[in-house]
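Below is one structure, written out as structure tokens, with a few remarks after it.
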Amino acid sequence: PQPAVLPMEVTTVLITGCSSGIGLGLATRLAADSARRFKVFATMRDLAKAQQLLQHFGGCCPGTLELLQLDVTNPSSLAAAVQRLQGQQLDVLAVCNAGVGLMGPLETCSDQAMKNIFDVNLFGAIRTIRAFLPPMKHRRAGRIIISSSIGGLQGLPFNAVYCASKFALEGLCESLAIVLHPFNIHLTLVECGPVKSSFMANLQRPDPEGSELR
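See below:
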């Protein structure tokens, strides 16, 4: 089918974590806008998980939507996404819809599990912002939207590591917002409460048979 004709004034948006949850909902809402005001680059680590997004559009991408593979923990994947958008004016970067949790007593959490949480929730956000920020600064325009959590505002029982990663994200965003303001780049931090998504199903937990719990 021929791509849909977009209006003259189109806001280009790149969204991470679009296979489920907040990223999926945001990508669907913007790409389905009846006035076709948005061009959405919906990214996810595994494009095989795009079915849930595509089913909203009859199984195929409309002209307002393009799928991109993007793993926020993989610099090569980020570089490929940046290359795809080269020459495009990215107006909005919606970051950190890709996120993971870790629940359990602190002494049961392995070093590797804790590093994985920070690699996605904090360093994944840093890598993504760092990758797409230079053209925004050069153009002196843009908006960055960070999806965080109420866990970045207060500690939650048995979520110490997850909350630590979100507290770190809060500090990152508060600092960045100040230095980006002179470049006319607006940073918005969304501190979500419970959201109907696959987050809980994907939650990492310590081994229930582990010696630390006995």
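In my numbering, the protein residues as written are 268 to 481. Even glycine gets a Cβ: it sits at the ideal position worked out from N, Cα and C.
Top-ranked residue by Cα proximity to residue i, from the options
{"i": "Glu333", "options": "Leu321, Val359, Val339", "result": "Leu321"}
{"i": "Gly438", "options": "Asn451, Val349, Ser415, Pro402", "result": "Ser415"}
{"i": "Leu335", "options": "Ser377, Cys285, Lys382, Gln355", "result": "Cys285"}
{"i": "Thr331", "options": "Ala346, Ala302, Leu447, Glu458", "result": "Ala302"}
{"i": "Pro401", "options": "Gly391, Gln353, Leu369", "result": "Gln353"}
{"i": "Ser442", "options": "Leu456, Cys430, Ala431", "result": "Leu456"}
{"i": "Ala294", "options": "Arg312, His323, Lys382, Ala392", "result": "His323"}
{"i": "Ile369", "options": "Asp313, Val446, Leu447, Pro424", "result": "Note that residue 369 corresponds to Leu in the displayed sequence, not to Ile. That would be Pro424, whose Cα lies nearest to the Cα of Leu369."}
Supposed close pair residue i, residue j - CB separation, criterion 8 angstroms
{"i": "Val307", "j": "Ile289", "result": "Incorrect: roughly 14 angstroms between the Cβ atoms, too far for contact."}
{"i": "Ala348", "j": "Leu357", "result": "That pair is no contact at about 10 angstroms."}
{"i": "Asp300", "j": "Thr340", "result": "About 31 angstroms separates the two Cβ atoms, so there is no contact after all."}
{"i": "Thr279", "j": "Gln355", "result": "6 angstroms"}
{"i": "Cys440", "j": "Ile413", "result": "5 angstroms"}
{"i": "Val277", "j": "Arg304", "result": "6 angstroms"}
Cβ pair residue i, residue j closer than 8 angstroms
{"i": "Leu373", "j": "Ala427", "result": "yes"}
{"i": "Gln319", "j": "Leu297", "result": "no"}
{"i": "Arg407", "j": "Asn451", "result": "yes"}
{"i": "Ala444", "j": "Leu454", "result": "yes"}
{"i": "Ile384", "j": "Val362", "result": "no"}
{"i": "Ile417", "j": "Glu458", "result": "yes"}
{"i": "Leu345", "j": "Ala398", "result": "yes"}
{"i": "Lys404", "j": "Gly419", "result": "no"}
Per DSSP, the bridge partner or partners of residue i
{"i": "Ile282", "result": "Ala309, Ala361"}
{"i": "Thr455", "result": "Ile412"}
{"i": "Leu334", "result": "Ala309"}
Query raised in the report: Can you list, in chain order, the stretches of the alpha helix (DSSP H) that have 4 or more residues and sit fully within the stretch 351 to 428?
Result: The stretch 351 to 428 contains these whole alpha helix (DSSP H) runs: 378 to 388, 390 to 406.
Query raised in the report: In chain order, which alpha helix (DSSP H) runs of at least 4 residues are fully inside the stretch 285 to 330?
Result: The qualifying runs are 288 to 298, 318 to 321.
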